[in-house]
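> Going down the list, the protein sequences come from chains A and B.
All the letters of the first sequence, read from the start, carry residue numbers 18 to 308 under the working numbering.
All the letters of the second sequence, read from the start, carry residue numbers 18 to 308 under the working numbering.
Just so you know, even glycine gets a beta-carbon here, dropped at the ideal spot from N, CA and C.
For clarity, every value in this text was computed on a predicted model and none was experimentally measured.
Protein chains: 2
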Amino acid sequence: MPPVSALQRKLVENRSLAAVTFPQIAIKRSKRKKERCLRLTIRKPEIIAIARRDGKVTVEGLVEYFNVTPQTIRRDLTELADSGELERVHGGAVLPSTTVNIGYNERRMLHQAAKVDIARACAKRIPNDCAVFLNIGTTTEAVATELLHHEGLLVVTNNVNIAIILSACKQIDVVVTGGQLRRSDGGMTGAIAQNSIRQFRFDHAVIGCSALRQNGDLMDFDMQEVSVSKAIIEHSEHVTLVADSSKFERKAPAFVASMHDISTIVTDKKVPADCETFCNVTGTEIVYTTD
Amino acid sequence: MPPVSALQRKLVENRSLAAVTFPQIAIKRSKRKKERCLRLTIRKPEIIAIARRDGKVTVEGLVEYFNVTPQTIRRDLTELADSGELERVHGGAVLPSTTVNIGYNERRMLHQAAKVDIARACAKRIPNDCAVFLNIGTTTEAVATELLHHEGLLVVTNNVNIAIILSACKQIDVVVTGGQLRRSDGGMTGAIAQNSIRQFRFDHAVIGCSALRQNGDLMDFDMQEVSVSKAIIEHSEHVTLVADSSKFERKAPAFVASMHDISTIVTDKKVPADCETFCNVTGTEIVYTTD
DNA sequence: TAAAAAATGTTCGTTTCTGATCGTTTCGCG
DNA sequence: CGCGAAACGATCAGAAACGAACATTTTTTA
Numbered sequence: 018m019p020p021v022s023a024l025q026r027k028l029v030e031n032r033s034l035a036a037v038t039f040p041q042i043a044i045k046r047s048k049r050k051k052e053r054c055l056r057l058t059i060r061k062p063e064i065i066a067i068a069r070r071d072g073k074v075t076v077e078g079l080v081e082y083f084n085v086t087p088q089t090i091r092r093d094l095t096e097l098a099d100s101g102e103l104e105r106v107h108g109g110a111v112l113p114s115t116t117v118n119i120g121y122n123e124r125r126m127l128h129q130a131a132k133v134d135i136a137r138a139c140a141k142r143i144p145n146d147c148a149v150f151l152n153i154g155t156t157t158e159a160v161a162t163e164l165l166h167h168e169g170l171l172v173v174t175n176n177v178n179i180a181i182i183l184s185a186c187k188q189i190d191v192v193v194t195g196g197q198l199r200r201s202d203g204g205m206t207g208a209i210a211q212n213s214i215r216q217f218r219f220d221h222a223v224i225g226c227s228a229l230r231q232n233g234d235l236m237d238f239d240m241q242e243v244s245v246s247k248a249i250i251e252h253s254e255h256v257t258l259v260a261d262s263s264k265f266e267r268k269a270p271a272f273v274a275s276m277h278d279i280s281t282i283v284t285d286k287k288v289p290a291d292c293e294t295f296c297n298v299t300g301t302e303i304v305y306t307t308d
Numbered sequence: 018m019p020p021v022s023a024l025q026r027k028l029v030e031n032r033s034l035a036a037v038t039f040p041q042i043a044i045k046r047s048k049r050k051k052e053r054c055l056r057l058t059i060r061k062p063e064i065i066a067i068a069r070r071d072g073k074v075t076v077e078g079l080v081e082y083f084n085v086t087p088q089t090i091r092r093d094l095t096e097l098a099d100s101g102e103l104e105r106v107h108g109g110a111v112l113p114s115t116t117v118n119i120g121y122n123e124r125r126m127l128h129q130a131a132k133v134d135i136a137r138a139c140a141k142r143i144p145n146d147c148a149v150f151l152n153i154g155t156t157t158e159a160v161a162t163e164l165l166h167h168e169g170l171l172v173v174t175n176n177v178n179i180a181i182i183l184s185a186c187k188q189i190d191v192v193v194t195g196g197q198l199r200r201s202d203g204g205m206t207g208a209i210a211q212n213s214i215r216q217f218r219f220d221h222a223v224i225g226c227s228a229l230r231q232n233g234d235l236m237d238f239d240m241q242e243v244s245v246s247k248a249i250i251e252h253s254e255h256v257t258l259v260a261d262s263s264k265f266e267r268k269a270p271a272f273v274a275s276m277h278d279i280s281t282i283v284t285d286k287k288v289p290a291d292c293e294t295f296c297n298v299t300g301t302e303i304v305y306t307t308d
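#1: Taking just the CA atoms, how far does I209(B) sit from A210(A)?
#2: If T301(A) sits next to T284(A), beta carbons under 8 Å apart, how far is it from one beta carbon to the other, in whole angstroms?
#3: Let's test the definition: count the other Cβ atoms within 10 Å of the Cβ of I279(A) and tell me whether it reaches 16, buried, or not, exposed.
#4: Per DSSP, what kind of secondary structure is E237(B) in: helix, strand or coil?
#5: C292(A) by DSSP, collapsed to three states: which one?
#6: Tell me the DSSP secondary structure of D190(B) in three-state form.
#7: If G195(B) and T194(A) are in contact, beta carbons under 8 Å, what's the gap, nearest whole angstrom?
#8: Which residues does DSSP pair with G204(B) in a beta bridge?
#9: Please report the distance separating the alpha-carbon of K73(A) from that of D71(B).
#10: Are D234(A) and V243(A) close, meaning C-beta to C-beta below 9 Å?
#11: Tell whether a beta-carbon distance below 9 Å holds between L170(B) and C147(B).
#12: Using 9 Å as the threshold, is the C-beta distance between T156(A) and D261(A) below it?
#13: For N152(A) and chain B, any beta-carbon pair shorter than 9 Å?
#14: Find the residues of chain B that neighbour D71(A), judging by a C-beta separation of less than 8 Å, and give them in chain order.
#15: Under three-state DSSP, which class holds H255(B)?
#16: Only counting runs of 3 or more residues, tell me where the beta strand (DSSP E) segments fall wholly within the region 122-156 of chain B, in order along the chain.
#17: Run through DSSP, which three-state label would I303(A) get?
#18: Counting only the same chain and skipping the five closest in sequence on each side, list residues whose C-beta sits under 8 Å from that of T75(A).
#19: Using a Cβ-Cβ cut-off of 6 Å (strictly less than) and excluding sequence neighbours within five positions of K321(A), which residues of its own chain qualify?
#20: Go ahead and label H166(A) buried or exposed: buried means 16 or more other beta carbons lie within 10 angstroms of its beta carbon, across all protein chains shown.
#21: In whole angstroms, what separates the C-alpha of N212(A) from that of D190(B)?
#22: Going by Cα to Cα distance, which pick from V259(A), C296(A) and E254(A) is closest to A159(A)?
#23: List the DSSP bridge partners of V74(A).
#24: Mapping DSSP to helix, strand and coil, what is V298(B)?
#25: Throw me the rounded Cβ distance for the H255(B) and H221(B) pair, which I believe falls under 8 Å.
#26: Which term fits T62(A), buried or exposed, when burial requires 16 or more other beta carbons within 10 angstroms of its beta carbon?
#27: Grab me the residues of P270(B)'s own chain with a C-beta within less than 6 Å of its C-beta, minus the 5 sequence neighbours each way, in chain order.
#28: Closer than 9 Å, CB to CB, is S184(A) near chain B or not?
#29: Assign M240(B) to one of two classes, buried (16 or more other C-beta atoms within 10 Å of its C-beta) or exposed (fewer than that).
#30: Based on Cα-Cα distance, which residue from K132(A), I250(A), E81(A) and V111(A) lies nearest to T5(B)?
#31: Between which two residues does the beta strand (DSSP E) holding I90(A) run?
#32: In angstroms, rounded to a whole number, what distance separates the CA positions of V304(B) and T89(A)?
#33: Can you pull the chain A neighbours of E63(B), defined as C-beta to C-beta under 9 Å?
#34: Closest Cβ-Cβ distance between D190(A) and chain B: below 9 Å?
#35: Consider the C-beta atom of G101(A) and the heavy atoms of the ligand ATP; say whether any pair is separated by less than 8 Å.
#36: Could you tell me which residues DSSP pairs with V283(B) in its beta bridges?
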C-alpha cells in the first residue's frame, strides 16, 4: 500500500487529468458546486422542532433518532446553520437566541466615546427634581447612566434597559410605559406605551433618532416608534435630541418630527450647514460636546 | 495501509522540519496559535440559561450536570467571562452585576431547588400558542425560564426581569404592562399596570404570593401589588399559584385573593390540612413537584 | 425504462475538543 | 500571618467530530 502522501498526489493527478481530458465534466462539477441547492429532507422540520423543544440537538442523538449516519446529520445541520435557523456547535447545534443580544451589545459599543460625551452634556442640562422622559436608543441609555447621580427625578421610559440601569439608584423614581417588547433593543412600543405617555407632562424629554436629514427632519426605521415619539413630543415642555454625528450621514424611511419640535440638539460634531440654518429659524439650540 | 500513528508522526516530523528549515514559518504558526479562537460548545447556551435561572453556576454542579471534567467547565466559564456573558468567581460564575440587581440575586437563591421544580411543573401545564400572564416573583421568573422553549406564546408581564429573560426567545411575543418600577424586585405596579392588564384576556396566569394562610387566603406585603393581582385574576381563565412551602409559614398583611380564585396550586410540599380541605371545596387542583 | 439528479453512505485527512498533568494562585482556617 | 487544600490556567497527547471527495443507493424525470 502506498503512503498517503502518494495517494493524495495520485488523486490530484487524476483530477487534473479528468479536467484536461473531459473539460465539460469539470465545468459541470464546478457549476453544481456553486449552485446552493438546499436539500429538502424530511428531517429538517423535525430537527428544528426538537431543537426548539430541547434548546439544542446533538449529532449523536439525531443519528439514533433518524437512523442515518452522522455525516447526513452533519449535512442537515450545516444547511440549517447556513440558513440561520440553528447555530452550529461541536457535536450538534443550538438555537441562535444569543445572536440577537450580541448584535445589540456590539451596536452599543459603536461610537461609544461620542455617546458618553453627548450623554454627559445632556445630563448636565437636566436639573434635579423634575419629570424626564427617556426614549429608546443607545445614546439615551448613556444619558440614563449619567443621570444616576441626580436627585428627585421622576424618569419615565419605554426602554427596558434604561429601567434596569436606573433601578440601581434610590434617588430616582422610575416608571415604565409598558408595551410590546422589541427584542432587538429592549424598546417598548404600541398603544399601551402611548396611553401611558399621555398620562404625564414632562419637563424634559430626551429622544434619539436613526437619521437626521439635511432639512432637520428626524427620521426613524420603525413606524411603531414614530407614534411613540410623537406622543412624547406632544407632552414635553423641553425636547432634547441626542444624536452622534453618524446620524447625519444615514437614511431612514419614517418621519418622526421636524426641527420645530426640538428645543435642543446635543451632538459631537458640526451639524451640516443646511441643518444649522434651519435650527436658527426654529430657535433650536445646538450644543456641541467638543466645546 | 500505514497506521494512523505513523501518519501523524510523519506530519509532526514534517512540521518540525519546516520549523527548523524556515524559522519564519514557525513564528507564523505560533502567532496563529495565540489567536483566541472561541470554542463552539453545546454547553455554553445551557450554562447561560442555568445562570439566568439560578443567578449563579458552580464548576462542581456543572461537572455533574454535563458529566465532564472540571477543566472543561473552567474553559467554558473562562470563555463566557471573556465574552462578558458571565462573571467569573472562584468555584463558578455569576450573572454580570450590570444585568441584575445584586440584593435581589441573593433572594433569588433562596429555596432555589424547590422553585425550579415548581417552575418546571407549572411550565409543563401551559400549552403552546396561548396568552399567558406572569406576575412579580422569583418563582414566576423561574417559570419564565422554563417557558423559553414553548412556541407561539404571548406573554404579558409586570416584571422587568421576566421581560429580559423572555426577550432572548424569538418564539415568544412579550408585552410589558408598564407602571411604577419597584427597585427591590423589578416589579411594575400602579394604575398603568392595571390599565394594561385590562386590555387582555389570558388563557393562563401564573402568580405568586408572599404568604398563604391556613384558610387558603393569598396574602402579600405590598398593597400596590394587590390591585394588580386582582386585575390579573379577573382577566384570566386559568389561574395558577406557584408557592414553595416556605410560604405556608409566613404572614403578610394584605389580602390578595381567596382560594376560590385559584384554579391550580403548584408547590413542593404537602399543604396544610386546613388549606387542602379548602381546596377540595373550591375545586382547586393541587400539584406536587415531589410526585 | 433509462438517464439524470438528489440523497445517503464511506473513506480519509484535518480540525477541534477533551481529559490529564503540572506549576501557580486563591481561599479558608487556625 | 502562614499553611494546606482547593481551584485555577497553561500545555499536550489522544479522541472525537468534522468536511471534502468519492461511491452507492434512491428518487425524479424525460
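Working from what's here:
#1: Just so you know, the alpha carbons of A210(A) and I209(B) end up roughly 10 Å apart.
#2: That pair is no contact at about 12 Å.
#3: I279(A) counts as buried, since at least 16 other C-beta atoms from the protein chains shown sit within 10 angstroms of its C-beta.
#4: The residue asked about is misnamed: residue 237(B) is Asp in this sequence, not Glu. Strand, per DSSP.
#5: Here C292(A) sits in helix by DSSP.
#6: Three-state result, D190(B): strand.
#7: Contact holds; Cβ gap of about 5 Å.
#8: G204(B) is bridged to N176(B).
#9: Computed Cα separation, rounded: 20 Å.
#10: Contact check for D234(A) against V243(A) fails: the beta carbons are separated by 9 Å or more.
#11: Going by C-beta atoms, L170(B) is nearer than 9 Å to C147(B).
#12: Their beta carbons are under 9 Å apart, which means T156(A) touches D261(A) by this criterion.
#13: Closer than 9 Å: no.
#14: H166, listed in chain order.
#15: Residue state, collapsed to three classes: strand.
#16: Segments of the beta strand (DSSP E) lying fully in the region 122-156 of chain B: 148-151.
#17: It is a strand residue.
#18: Excluding sequence neighbours, T75(A) sits near G108 and G109.
#19: Given a span of 18 to 308 for chain A in the structure shown, any question on residue 321(A) remains unanswerable.
#20: By the C-beta density criterion, H166(A) is exposed, having fewer than 16 other C-beta atoms within 10 angstroms.
#21: N212(A) and D190(B): Cα-Cα distance of roughly 20 Å.
#22: Residue V259(A) is the option with its Cα nearest to A159(A).
#23: In the DSSP output, where bridge partners are listed per residue, V74(A) has A110(A).
#24: DSSP places V298(B) in helix when its eight states are reduced to three.
#25: Contact check for H255(B) and H221(B): beta-carbon distance about 5 Å, within the 8 Å limit, so the pair qualifies.
#26: Position check: residue 62(A) holds Pro in this sequence, whereas Thr was assumed. Classification of P62(A): exposed, given that the 10 Å Cβ count is below 16.
#27: Nothing meets the Cβ criterion.
#28: So yes, S184(A) belongs to the interface.
#29: It is exposed - the Cβ of M240(B) has fewer than 16 other Cβ atoms within 10 Å.
#30: For chain B, the structure presents residues 18 to 308; residue 5(B) sits outside this window and is missing.
#31: Residue range P87 to D99 is occupied by the alpha helix (DSSP H) that includes I90(A), with no beta strand (DSSP E) assigned at that position.
#32: Approximately 43 Å, taken between the alpha carbons.
#33: Residues of chain A passing the Cβ test: G72, K73 and V111.
#34: So, interface residue.
#35: The ligand ATP is not part of this structure, which contains no ligands at all.
#36: DSSP lists V259(B) and V304(B) as partners of V283(B).
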